[in-house]
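K.L.:
Pasting in a structure now, in structure tokens, and then I'll have a few things to ask.
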Amino acid sequence: MTQNNKKVISKKLIVTLSSIYAISPFAIDSYLPALPSIAKEMQVDIAMLSVTVSLYIFGLAIGQLIGGPLSDKHGRLPVMLSGLSIFAISSLLLTTSTHIEVLWLWRMLQSIGGGIAIVGVPAVIRDNTEGKEAAKLFALVSLIMMVAPSIAPTIGNFILSLHSWHWIFYFMSIVACFAMFMAIKFIPRKSAEEKLAQKYQAKLTPAQRHKGIKFIDVFKHKQAAGYMVAQGFAFAVMMSFVTNSAMIYMGVFKVTPDTFSMLFAANIFGLIMINRLNNFLLNRFEPSTLLRFFLSMQVTGATLLVLSSFLMPKILPLTVVAFVITLSANGGIIANSNACFLRHFNKSTAGTASAVLGAFQCAIGAAVSALAAFISMGKLQPVVILMLISSSIALFAVIRSNKQARLANEIEISEKKQQTINEKSLLMEQA
Numbered sequence: 000m001t002q003n004n005k006k007v008i009s010k011k012l013i014v015t016l017s018s019i020y021a022i023s024p025f026a027i028d029s030y031l032p033a034l035p036s037i038a039k040e041m042q043v044d045i046a047m048l049s050v051t052v053s054l055y056i057f058g059l060a061i062g063q064l065i066g067g068p069l070s071d072k073h074g075r076l077p078v079m080l081s082g083l084s085i086f087a088i089s090s091l092l093l094t095t096s097t098h099i100e101v102l103w104l105w106r107m108l109q110s111i112g113g114g115i116a117i118v119g120v121p122a123v124i125r126d127n128t129e130g131k132e133a134a135k136l137f138a139l140v141s142l143i144m145m146v147a148p149s150i151a152p153t154i155g156n157f158i159l160s161l162h163s164w165h166w167i168f169y170f171m172s173i174v175a176c177f178a179m180f181m182a183i184k185f186i187p188r189k190s191a192e193e194k195l196a197q198k199y200q201a202k203l204t205p206a207q208r209h210k211g212i213k214f215i216d217v218f219k220h221k222q223a224a225g226y227m228v229a230q231g232f233a234f235a236v237m238m239s240f241v242t243n244s245a246m247i248y249m250g251v252f253k254v255t256p257d258t259f260s261m262l263f264a265a266n267i268f269g270l271i272m273i274n275r276l277n278n279f280l281l282n283r284f285e286p287s288t289l290l291r292f293f294l295s296m297q298v299t300g301a302t303l304l305v306l307s308s309f310l311m312p313k314i315l316p317l318t319v320v321a322f323v324i325t326l327s328a329n330g331g332i333i334a335n336s337n338a339c340f341l342r343h344f345n346k347s348t349a350g351t352a353s354a355v356l357g358a359f360q361c362a363i364g365a366a367v368s369a370l371a372a373f374i375s376m377g378k379l380q381p382v383v384i385l386m387l388i389s390s391s392i393a394l395f396a397v398i399r400s401n402k403q404a405r406l407a408n409e410i411e412i413s414e415k416k417q418q419t420i421n422e423k424s425l426l427m428e429q430a
């Protein structure tokens with residue numbers, strides 16, 4: 000403990016949480032290089048295998064909805080270990096797949112396990128930090144999560160150069176087992192305070208025990224819901240680009256695969272830079288202030304994309320810069336929206352709240368990116384218009400939530416002042 004009674008988060012715990020959080024992004028991208036090999040072996044069209052990406056995101060949402068309430072009831076560590084175990088076992092089962100339907104089944108199970116595991120990460124951060132410290136930790140964990148998908152295809156390619164596609168899933172299982180070892184060693188057990196709270200919960204009736212922690216209650220919390228909407232639609236902006244990036248750069252601008260890889264990497268570099276800038280700015284500004292700033296940056300970038308796509312559609316450098324501005328903003332948005340959202344929930348409900356946030360993010364991201372792919376018709380304009388709409392919704396939601404927070408704070412201050420005046424008046428009457 001520090002002198003101001005704040006918990007000090009160890010670097011080992013940060014690495015552990017980051018490893019668990021990065022498992023699902025890694026699992027999505029690391030096997031992409033193997034899709035042609037798997038399609039050839041199973042004698043199916045590669046589009047049939049591409050479905051597994053959508054299945055994984057869908058399963059990730061389900062896993063988080065399952066794991067969140069369980070982590071509130073049984074503790075973060077047991078639920079994380081259960082999720083990682085499911086992920087590891089299903090990764091091994093994937094290596095036995097000989098038909099596409101079987102592969103879909105085990106891939107879905109793998110994603111559910113991943114969702115159960117990762118939902119505890121924000122909850123652990125909420126249990127141990129709050130405010131600016133929570134935002135800084137979310138930023139660091141998010142940074143590692145961003146790096147994972149950027150290096151995952153390279154690792155997948157390397158494994159393919161040595162062995163068959165089955166070894167990619169063997170490697171996933173090994174990574175999950177390593178994360179389990181790290182979790183057992185470094186994630187804190189229940190504190191005395193949490194044990195007392197659990198004993199108290201055990202004495203309540205089922206109706207009392209679950210009061211205030213239902214999924215619908217998270218949506219009813221107006222301030223928190225605004226931050227959830229912001230994170231969901233900001234994530235949708237990024238997913239819209241990821242889904243359509245190959246079509247945009249190689250289809251519209253006719254760049255080579257090597258050039259495409261470099262242009263895609265520019266966005267990852269931008270995300271990392273903004274992530275680090277956000278961490279520095281948190282020393283001076285509140286997460287809610289920075290969240291609004293980075294969302295404004297995203298809207299500015301998306302506006303530039305729309306204008307350039309109509310007025311200067313063939314100027315590649317301008318489009319690249321506009322994409323980097325738009326997508327890099329997520330390096331500051333995700334961490335701050337997490338911190339702003341979870342501060343509205345206590346330790347006994349953080350798991351359920353994290354589940355709703357994660358599931359909503361996955362659902363909105365998958366839906367908007369799928370819509371972008373459907374309406375694009377091989378053109379840039381529909382995609383960037385949808386990105387501008389999504390980022391504008393996110394910014395509006397945060398402006399509204401911040402306004403509600405200020406009003407609530409003013410009312411609280413006014414009530415305290417009135418209470419003080421009443422107490423003084425009572426003392427004067429008694430005198």
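Under numbering that gives the first Met the number 0, think of the first position of the sequence shown as 0, with each following residue one higher. All C-beta atoms, glycine included, are put in the ideal place defined by N, C-alpha and C. Since we're looking at a predicted model, the values are computed, not measured.
Specify whether the region 365-383 and the region 335-349 touch according to this definition: at least 3 beta carbon pairs, one from each stretch, less than 8 Å apart.
P.N.:
no
K.L.:
Please report the Cβ distance between residue 178 and residue 22, rounded to the nearest whole angstrom; I am assuming they are in contact, meaning their Cβ atoms lie under 8 Å.
P.N.:
6 Å
K.L.:
List the whole-angstrom C-beta distance separating residue 151 from residue 29, where the pair is believed to meet the contact cut-off of C-beta under 8 Å.
P.N.:
4 Å
K.L.:
Mind checking whether residue 120 and residue 19 have CB atoms under 7 Å apart?
P.N.:
yes
K.L.:
What is the DSSP secondary structure of residue 378, counted as helix, strand or coil?
P.N.:
coil
K.L.:
Might you give, ordered along the chain, the residues of its own chain that have their beta carbon closer than 6 Å to the beta carbon of residue 238, omitting 5 neighbours on each side?
P.N.:
364, 368
K.L.:
Is the separation between the beta-carbon of residue 319 and that of residue 406 shorter than 7 Å?
P.N.:
Cβ atoms of residue 319 and residue 406: not closer than 7 Å.
K.L.:
Helix, strand or coil for residue 432, going by three-state DSSP, please let me know.
P.N.:
This structure gives no information on residue 432, because the portion of the chain shown stretches from 0 to 430.
K.L.:
Looking at the secondary structure, which residues open and close the alpha helix (DSSP H) in which residue 87 lies?
P.N.:
75-93
K.L.:
Closer than 7 Å by C-beta to residue 86: which residues in its own chain qualify, once you throw out the five before and the five after it? Chain order, please.
P.N.:
22, 109, 112, 113, 116, 175
K.L.:
Would you say residue 94 and residue 162 are within 7 Å of each other, going by their C-beta atoms?
P.N.:
no
K.L.:
Could you pull out every residue in the same chain whose Cβ sits closer than 6 Å to the Cβ of residue 472, ignoring the five residues on either side in sequence?
P.N.:
Look at the range of the chain in this structure, 0 to 430, and you will see that residue 472 is not part of it.
K.L.:
For residue 138, count neighbouring Cβ atoms within 10 angstroms of its own Cβ and tell me buried if that reaches 16, exposed if not.
P.N.:
Buried: at least 16 other Cβ atoms inside 10 Å.
K.L.:
Is it a yes or a no for the region 238-257 touching the region 384-394, going by three-plus beta-carbon pairs under 8 Å?
P.N.:
They touch, by the three-pair rule.
K.L.:
Reducing DSSP to helix, strand and coil, say where residue 254 ends up.
P.N.:
coil
K.L.:
Over the uninterrupted alpha helix (DSSP H) stretch that includes residue 241, give me the two end residues.
P.N.:
221-245
K.L.:
Should residue 244 and residue 172 be called a contact, given that it needs their Cβ atoms to be closer than 7 Å?
P.N.:
For residue 244 and residue 172, no; Cβs fall outside 7 Å.
K.L.:
What would DSSP say about residue 358, mapped onto helix, strand or coil?
P.N.:
For residue 358, the secondary structure class from DSSP, reduced to helix, strand or coil, is helix.
K.L.:
Give the secondary structure of residue 343 by DSSP, where H, G and I count as helix, E and B as strand, and everything else as coil.
P.N.:
Secondary structure at residue 343: coil, using DSSP grouped into helix, strand and coil.
K.L.:
In or out: residue 131 buried (at least 16 other Cβ within 10 Å) or exposed?
P.N.:
buried
K.L.:
Among 321, 123, 98, whose alpha-carbon lies nearest the alpha-carbon of residue 13?
P.N.:
123
K.L.:
For residue 282, which option in 136, 118, 184, 71 has the closest C-alpha, if you only look at C-alpha atoms?
P.N.:
136
K.L.:
With residue 180 as the anchor, note down where its alpha helix (DSSP H) starts and where it stops.
P.N.:
165-185
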